[in-house]
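Colleague:
Numbering (the working numbering), first residue to last: 113 to 406.
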């Protein structure tokens, strides 16, 4: 098992606080995965985003010089006073990228930073979670990519935002009633869709929504859905039954899970290959699911 995964499991089990700084740094520096993540040659702005999202999945990676340099770059080039933009232009703030970068900041312990709080402000004021409300966000970028905020809000944006808010709630020591409310209404909207199905025909809502992948990309994945259901303690909801059925079908004969899809883009580093059970997914699903399926 890679030492980066050992760190993540210590965090998931709330045992990381018992480790000394020296031991944490040893686990970070011994990781082959971190060696990959810190040797990426960036070719464009998106490559910095994918690199950040990957390395943020590893607890305490903020201690690495590479991560600190990533943060400085993103603060300077992709953070605006309204939220995170995938181009650096305020016109290009869109729900999925704002949420993913915001979540990465939370995982790195930067949830109270000005940059993260700007992203949270955008979510609280401009993200919509149903078909009734309309956003008051005045810029047109959210209408370019499949209509993030048109008559039917982008389901991917809702899912990514609910995922990020759950991470914020987990990492922030200060309760936030508004965040709790947004998670509730967003989750209820997703549950209406059984988490991944169209209302009209119960087919998958989007490409890759039933694919296991890790770390996350701009696509809403099955991993995202399992994470959301776990962090909201929603496994007993009847609307989750179709998701659990897919989860059981995906479980291998050895009791693990394989990665279904690996996104390919400069800066994005899959944590496991698709040839055998994924150590990361199997360990995380087992932790998130508990006795639900095992």
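From the three backbone atoms N, C-alpha and C, an ideal C-beta is built for every residue, glycine too.
Among 118, 282, 115, 149, which has the Cα closest to the Cα of residue 380?
Modeller: In the chain shown, residue 380 corresponds to position 268, counting from 1. If we check each option's Cα against that of residue 380, 149 comes out closest.
Colleague: Give the C-beta separation of residue 116 and residue 170 to the nearest angstrom, bearing in mind that I take them to be a contact with Cβ-Cβ under 8 Å.
Modeller: Residue mapping note: residue 116 aligns to position 4 of the chain shown, counting from 1. Residue mapping note: residue 170 aligns to position 58 of the chain shown, counting from 1. With a Cβ gap of about 5 Å, residue 116 and residue 170 count as contacting.
Colleague: Within 10 Å of its beta-carbon, does residue 382 have 16 or more other beta-carbons around it, so buried, or fewer, so exposed?
Modeller: Working through the chain shown from its first residue, we reach residue 382 at position 270. With 16 or more Cβ atoms within 10 Å of its Cβ, residue 382 is classed as buried.
Colleague: Could you tell me which of 241, 167, 234, 155 sits nearest to residue 217, measuring between CA atoms?
Modeller: Translated into positions along the chain shown, residue 217 becomes position 105. Ranking the options by Cα distance to residue 217, first place goes to 167.
Colleague: Our contact map puts residue 268 next to residue 302 with C-beta atoms below 8 Å; I'd like the distance itself, whole angstroms only.
Modeller: Position 156 of the chain shown, counted from the first residue, corresponds to residue 268. Position 190 of the chain shown, counted from the first residue, corresponds to residue 302. With a Cβ gap of about 11 Å, residue 268 and residue 302 do not count as contacting.
Colleague: For residue 144, collect the residues of the same chain with a Cβ closer than 7 Å to its Cβ; drop the 5 residues on either side in sequence, then sort them by chain order.
Modeller: One-based indexing of the chain shown puts residue 144 at position 32. Closer than 7 Å at the Cβ level, and outside the excluded window around residue 144, lie 114.
Colleague: So within the region 247-315, which uninterrupted alpha helix (DSSP H) runs reach at least 4 residues, ignoring any that extend past its ends?
Modeller: 267-283, 289-304
Colleague: For residue 318 versus residue 223, is the C-beta distance shorter than 7 Å?
Modeller: On the chain shown, residue 318 is found 206 positions in, with the first residue counted as 1. On the chain shown, residue 223 is found 111 positions in, with the first residue counted as 1. Cβ distance not < 7 Å, so residue 318 and residue 223 don't count as in contact.
Colleague: Can you grab the Cα-Cα spacing for the pair residue 201 / residue 293, in whole Å?
Modeller: The residue given as residue 201 occupies position 89 in the chain shown. The residue given as residue 293 occupies position 181 in the chain shown. Their backbone Cα atoms lie some 29 Å apart in a straight line.
Colleague: Pull up the distance between the alpha-carbon of residue 312 and that of residue 299, whole angstroms please.
Modeller: Here residue 312 is taken as the residue at index 200 of the chain shown, counted from 1. Here residue 299 is taken as the residue at index 187 of the chain shown, counted from 1. Distance between the alpha carbons of residue 312 and residue 299 is about 19 Å.
Colleague: In this structure, what does DSSP give as the bridge partners for residue 185?
Modeller: Along the chain shown, one-based indexing puts residue 185 at 73. DSSP output for residue 185 lists no bridge partner at all.
Colleague: Helix, strand or coil for residue 454, going by three-state DSSP, please let me know.
Modeller: Residue 454 lies beyond the stretch modelled for the chain, which goes from 113 to 406, so this question has no answer here.
Colleague: Counting C-beta neighbours from all protein chains within 10 Å, is the total for residue 142 16 or more, i.e. buried, or is it exposed?
Modeller: Numbered from its first residue, the chain shown carries residue 142 at position 30. So residue 142 ends up on the exposed side.
Colleague: Determine, using beta carbons only, whether residue 373 and residue 323 come nearer to each other than 7 Å.
Modeller: For this step, residue 373 is matched to residue 261 along the chain shown. For this step, residue 323 is matched to residue 211 along the chain shown. Going by C-beta atoms, residue 373 is nearer than 7 Å to residue 323.
Colleague: Considering only residues of the same chain and omitting the five flanking positions on each side of residue 406, which have a CB-CB separation below 8 Å?
Modeller: Sequence index remark: in the chain shown, residue 406 carries index 294 (1-based). Note that residue 406 scores a pLDDT of 49, beneath 50, so its modelled location is shaky and nothing firm can be said.
Colleague: Do you know how far the Cα of residue 134 is from the Cα of residue 254?
Modeller: Within the chain shown, numbered from 1, the residue matching residue 254 stands at position 142. Within the chain shown, numbered from 1, the residue matching residue 134 stands at position 22. Roughly 44 Å separates the two Cα atoms.
Colleague: For residue 207 and residue 272, which I take to be in contact (beta-carbon distance under 8 Å), what is that distance rounded to the nearest angstrom?
Modeller: By 1-based counting over the chain shown, the position of residue 207 is 95. By 1-based counting over the chain shown, the position of residue 272 is 160. About 7 Å separates the Cβ atoms of residue 207 and residue 272, confirming a contact at the 8 Å cut-off.
Colleague: DSSP three-state call for residue 342: helix, strand or coil?
Modeller: The residue labelled residue 342 in the question sits at position 230 within the chain shown. Looking at residue 342 - three-state DSSP - the assignment turns out to be helix.
Colleague: When you compare the CB positions of residue 174 and residue 212, do they come within less than 7 Å of one another, or not?
Modeller: The residue labelled residue 174 in the question sits at position 62 within the chain shown. The residue labelled residue 212 in the question sits at position 100 within the chain shown. No, they are not a contact pair.
Colleague: Is residue 191 closer than 7 Å to residue 227 when the C-beta atoms are compared?
Modeller: In the chain shown, the residue the question calls residue 227 occupies position 115. In the chain shown, the residue the question calls residue 191 occupies position 79. Taking 7 Å as the Cβ cut-off, residue 227 and residue 191 qualify as a contacting pair.
Colleague: Alpha carbons only, please: which of 243, 242, 247 is nearest the one belonging to residue 234?
Modeller: What you label residue 234 is simply residue 122 of the chain shown in a count that begins at 1. For residue 234, the closest of 243, 242, 247 by C-alpha to C-alpha distance is 247.
Colleague: List the DSSP bridge partners of residue 192.
Modeller: The sequence position of residue 192 within the chain shown is 80, counting from 1. For residue 192, which the question treats as bridged, DSSP gives the partners 195.
Colleague: Have a look at residue 376 and residue 156 and give me their C-alpha separation to the nearest angstrom.
Modeller: Start at 1 with the first residue of the chain shown, and residue 376 comes out as number 264. Start at 1 with the first residue of the chain shown, and residue 156 comes out as number 44. Rounded to whole angstroms, residue 376 and residue 156 show a C-alpha spacing of 14 Å.
Colleague: Rounding to the nearest angstrom, what Cα-Cα distance links residue 393 and residue 370 in this structure?
Modeller: Position 281 of the chain shown holds residue 393. Position 258 of the chain shown holds residue 370. About 7 Å.
Colleague: Rank 279, 309, 308, 270 by C-alpha distance to the C-alpha of residue 297 and give the top, closest one.
Modeller: Position 185 of the chain shown, counted from the start, is the residue given in the question as residue 297. Residue 297 has its Cα closest to that of 270, out of 279, 309, 308, 270.
Colleague: Considering residue 162, what are the terminal residues of the alpha helix (DSSP H) in which it resides?
Modeller: Along the chain shown, one-based indexing puts residue 162 at 50. Where residue 162 is concerned, the enclosing alpha helix (DSSP H) stretches over 157-168.
Colleague: Taking the alpha helix (DSSP H) that residue 353 belongs to, which residues open and close that run?
Modeller: Residue numbering aside, residue 353 sits at position 241 when the chain shown is read from its first letter. 353-362 is the span of the alpha helix (DSSP H), which, as asked, contains residue 353.
Colleague: Leaving aside the five residues before and after residue 195 along the sequence, list all residues of the same chain whose C-beta is less than 6 Å from its C-beta, in chain order.
Modeller: In the chain shown, residue 195 corresponds to position 83, counting from 1. Only 205, 210, 230, 231, 234 meet the Cβ criterion.
Colleague: Quick one: give me the first and last residue of the alpha helix (DSSP H) that residue 137 is part of.
Modeller: The count along the chain shown starts at 1 and reaches residue 137 at position 25. It spans 133-141 - the alpha helix (DSSP H) in which residue 137 sits, taken as one unbroken run.
Colleague: Given that a residue counts as buried once 16 or more other Cβ atoms are within 10 Å of its Cβ, and exposed if not, what is residue 242?
Modeller: Here the question's residue 242 lines up with position 130 in the chain shown. So residue 242 ends up on the exposed side.
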